[in-house]
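Colleague:
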Amino acid sequence: MTDRTTKTTRTKATHSTRAAAPDVSEDLTAGLATTAARDPDTAPPSGPGTARTGPPWTVWPALGGALVLWASAFVGIKATLHDFGPGPMALLRFLIASLAVLVVWVVTSRLRRTPLRLPARGDVPLLLLCSLLLIVIYNLGVNFGEQTVSSGTTSFLVGQVPVFSAVLAAAILRERVAVLGWVGIAVGVAGTVVMLYADQAGLQINAGALYVLGAALAESLYFVLSKPLLRKYGPTELNVFVTVPGTLMMLPFLGALTRDLTDASAGSVLVMVYLGVFPAAVAYLLWNHALSQLDVGTTTSALYVLPVVTVVISFLVLGELPGAFGLVGGLVALAGAVLVNTKRAR
182 MTDRTTKTTR TKATHSTRAA APDVSEDLTA GLATTAARDP DTAPPSGPGT
232 ARTGPPWTVW PALGGALVLW ASAFVGIKAT LHDFGPGPMA LLRFLIASLA
282 VLVVWVVTSR LRRTPLRLPA RGDVPLLLLC SLLLIVIYNL GVNFGEQTVS
332 SGTTSFLVGQ VPVFSAVLAA AILRERVAVL GWVGIAVGVA GTVVMLYADQ
382 AGLQINAGAL YVLGAALAES LYFVLSKPLL RKYGPTELNV FVTVPGTLMM
432 LPFLGALTRD LTDASAGSVL VMVYLGVFPA AVAYLLWNHA LSQLDVGTTT
482 SALYVLPVVT VVISFLVLGE LPGAFGLVGG LVALAGAVLV NTKRAR
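In the working numbering, the protein residues as written are 182 to 527.
1) Where does TRP363 fall in DSSP's three states?
2) The ligand SAM heavy atoms versus the CB of THR334: any closer than 6 Å?
3) Apply the 10 Å Cβ neighbour rule to ALA447 and answer buried if 16 or more other Cβ atoms are within range, or exposed otherwise.
4) Between which two residues does the alpha helix (DSSP H) carrying THR424 extend?
5) Look at the alpha carbon of GLY457 and the alpha carbon of VAL486, and state the distance between them as a whole number of angstroms.
6) So, ARG365 versus GLY517, is the Cβ gap smaller than 7 Å?
7) Hey, how far is the Cα of VAL509 from the Cα of GLY436?
8) For GLY427 and PHE275, which I take to be in contact (beta-carbon distance under 8 Å), what is that distance rounded to the nearest angstrom?
9) Using a Cβ-Cβ cutoff of less than 8 Å, which residues in the same chain neighbour TRP286 once the five nearest sequence positions on both sides are dropped?
10) Alpha carbon to alpha carbon, what distance is there between LEU321 and LEU502?
11) Whether or not the stretch 325-335 and the stretch 234-250 are in contact is what I'm after, with contact meaning three or more pairs of Cβ atoms, one per stretch, closer than 8 Å; do they touch?
12) If you count every other CB in all the chains shown that lies within 10 Å of the CB of TRP468, and 16 or more means buried, which is it?
13) With three or more beta-carbon pairs closer than 8 Å as the criterion, would you say the stretch 277-294 touches the stretch 357-376?
14) Using DSSP with H/G/I as helix, E/B as strand and the rest coil, what is THR443?
15) With burial defined as no fewer than 16 other Cβ atoms inside 10 Å of the residue's Cβ, what is the status of PHE506: buried or exposed?
16) Since I believe LEU349 is in contact with VAL425 (beta carbons under 8 Å), could you give me their beta-carbon distance rounded to a whole number of angstroms?
17) Can you say whether LEU451 is buried or exposed, counting buried as having 16 or more other CB atoms within 10 angstroms of its CB?
18) Which term fits ASP380, buried or exposed, when burial requires 16 or more other beta carbons within 10 angstroms of its beta carbon?
19) Would you call the CB atoms of GLU356 and LYS259 closer than 7 Å?
20) Exposed or buried, which one is PRO269 when buried takes at least 16 other CB atoms within 10 Å?
21) Quick one: residues in its chain with C-beta nearer than 8 Å to the C-beta of GLY389, no 5 flanking neighbours on either side, listed in chain order?
22) Which residue comes first and which comes last in the alpha helix (DSSP H) that contains LYS259?
23) Can you list, in chain order, the stretches of the alpha helix (DSSP H) that have 4 or more residues and sit fully within the stretch 452-527?
24) Can VAL282 and MET430 be called in contact, C-beta distance under 7 Å?
25) Could you check where the alpha helix (DSSP H) with ALA317 kicks off and where it finishes?
26) Could you tell me if VAL305 is buried or exposed, where buried requires 16 or more neighbouring beta carbons within 10 angstroms of its beta carbon?
27) Helix, strand or coil: which one does DSSP assign to GLU400?
28) Taking just the CA atoms, how far does PRO488 sit from ILE277?
29) Give me, in chain order, the residues of the same chain whose beta-carbon lies closer than 6 Å to that of VAL519; leave out the 5 immediate sequence neighbours on both sides.
30) According to DSSP, is PRO236 helix, strand or coil?
31) I think ALA396 touches VAL493, with their Cβ atoms under 8 Å apart; what is that distance to the nearest whole Å?
32) Do THR480 and ALA471 come within 7 Å of each other at the CB atom, strictly closer than that value?
33) Is it buried or exposed for VAL284, if we count other Cβ within 10 angstroms and need 16 for buried?
Have a look at this one:
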């Protein structure tokens with residue numbers, strides 16, 4: 182009797198355990214489904230055949246597309262500065278970009294049947310800082326800088342973002358930089374100093390290069406600060422949460438913009454529409470997608486290609502090439518940026 186009772190008890194316990202197991206599995210599945218519904222852009226993959234060891238293949242076309250669009254932006258800005266001032270140009274471009282990103286946000290949310298969500302209150306200060314850095318400071322710096330600096334030299338200066346990002350990551354995130362990395366930083370700084378004298382007669386610092394340098398520093402800081410936000414928000418959401426507030430910050434240029442629009446040519450207005458939709462809205466969406474899948478160093482290292490693409494487009498469209506200081510300094514700075522992002526530099 183005792184043995185039978187014991188066996189019966191064990192059998193019931195086993196059946197009870199087996200019956201409870203599906204509940205845990207169902208809870209886990211429900212939790213993953215809830216996460217995916219809450220943030221479809223950053224939800225973990227599920228289903229057969231989704232396991233992967235590296236980033237999705239879409240990252241590389243996204244990076245390439247963003248770089249080509251940004252390269253064309255340097256040329257488009259240079260081509261329309263005769264009709265729009267730097268401030269009004271930035272405002273018009275991002276009024277168009279804001280409309281574009283809002284449309285994409287709403288449409289993608291409808292297609293996925295997920296509700297639109299606003300950022301968490303605790304993230305608002307960081308989002309506003311990112312808006313100030315990327316939309317306001319970066320774009321105003323580039324626009325003011327290109328009044329006296331060629332498109333090619335501008336892209337070489339912006340190509341120093343990997344160097345600046347490495348320094349900022351070491352200072353803010355306490356990331357380790359090896360001796361080779363510091364050598365690369367020193368080479369990059371030397372090349373940048375040479376570029377400060379580019380695109381003008383005489384041996385004096387070009388004030389426009391200082392504007393672009395400030396823009397590159399602002400963009401570098403944005404890349405470091407925005408990485409944690411991409412763990413909470415998808416690329417489309419972050420694009421909206423950064424672009425729209427940054428545009429509102431530039432509304433003081435509205436009066437000047439209305440005056441510039443009355444005298445601007447139709448061709449310049451069309452270029453501004455292009456700059457707002459593609460290099461602004463689409464390119465930043467592509468870049469955020471890549472940044473959400475890769476680390477900051479790997480993503481920003483893609484900027485090495487930016488000067489080459491910009492120089493080619495600038496020559497084909499405007500017949501413009503960087504001066505001697507811009508070209509030599511740019512190549513030296515580019516070599517420094519490459520050294521910073523080698524594996525032995527970290």
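Quick reminder that beta carbons are idealized off the backbone N, C-alpha and C, glycines included.
Model, not experiment: these values are computed from the prediction.
Modeller: On the basis of the data shown:
1) Residue state for TRP363 is assigned as helix, using DSSP reduced to three classes.
2) In the structure on display, the ligand SAM does not appear, and there are no ligands present to speak of.
3) A residue is called buried once 16 or more other Cβ atoms fall within 10 Å of its Cβ, and ALA447, having fewer, is exposed.
4) DSSP places THR424 in the uninterrupted alpha helix (DSSP H) bounded by 416-430.
5) One C-alpha to the other measures close to 22 Å.
6) Here the sequence assigns Gly to residue 365, which means Arg is not the residue at that position. The answer is yes: Cβ separation under 7 Å.
7) Near 41 Å, if we compare the C-alpha coordinates of GLY436 and VAL509.
8) Confirmed, Cβ separation roughly 7 Å.
9) Short of 8 Å from the beta carbon of TRP286, and not among the five residues preceding or following it, lie these beta carbons of its own chain, in chain order: LEU297, THR417, GLU418, ASN420, VAL421.
10) If you take the alpha carbons of LEU502 and LEU321, they lie about 23 Å apart.
11) The stretch 234-250 is not in contact with the stretch 325-335.
12) Buried, because 16 or more other Cβ atoms sit within 10 Å of the Cβ of TRP468.
13) No: the two stretches stay apart, fewer than three of their Cβ pairs being nearer than 8 Å.
14) The DSSP-derived three-state label of THR443 is helix.
15) PHE506 should be labelled buried.
16) The distance from the Cβ of VAL425 to that of LEU349 is about 25 Å, inconsistent with a contact at the 8 Å cut-off.
17) Around the beta carbon of LEU451, fewer than 16 other beta carbons sit within 10 angstroms, so the residue counts as exposed.
18) Under this definition ASP380 is a buried residue.
19) Result no, Cβ atoms of GLU356 and LYS259 do not sit closer than 7 Å.
20) Counting the other Cβ atoms within 10 Å of the Cβ of PRO269 gives 16 or more, which makes it buried.
21) Excluding sequence neighbours, GLY389 sits near PHE325, GLY326, GLU327, GLN328, THR329, VAL330, ASP380.
22) For LYS259, the uninterrupted alpha helix (DSSP H) segment begins and ends at 240-261.
23) For the stretch 452-527, whole alpha helix (DSSP H) runs of length 4 or above, ordered along the chain, are 464-474, 477-482, 486-499, 505-521.
24) No; because the gap between Cβ atoms is not below 7 Å, this pair is not in contact.
25) The amino acid at residue 317 is misidentified as Ala; the sequence shows Val. VAL317 -> no alpha helix (DSSP H), and no H or E assigned at all.
26) By the 10 Å Cβ count, VAL305 comes out exposed.
27) Of the three classes helix, strand and coil, the one that applies to GLU400 here is helix, per DSSP.
28) In this model, ILE277 and PRO488 are separated by some 26 Å (Cα to Cα).
29) Counting only Cβ-Cβ distances below 6 Å, and skipping sequence neighbours, we find nothing.
30) Correct three-state label for PRO236: coil.
31) That belief does not hold up - the Cβ atoms of ALA396 and VAL493 are roughly 22 Å apart, past 8 Å.
32) Yes. Within cutoff.
33) So VAL284 ends up on the exposed side.
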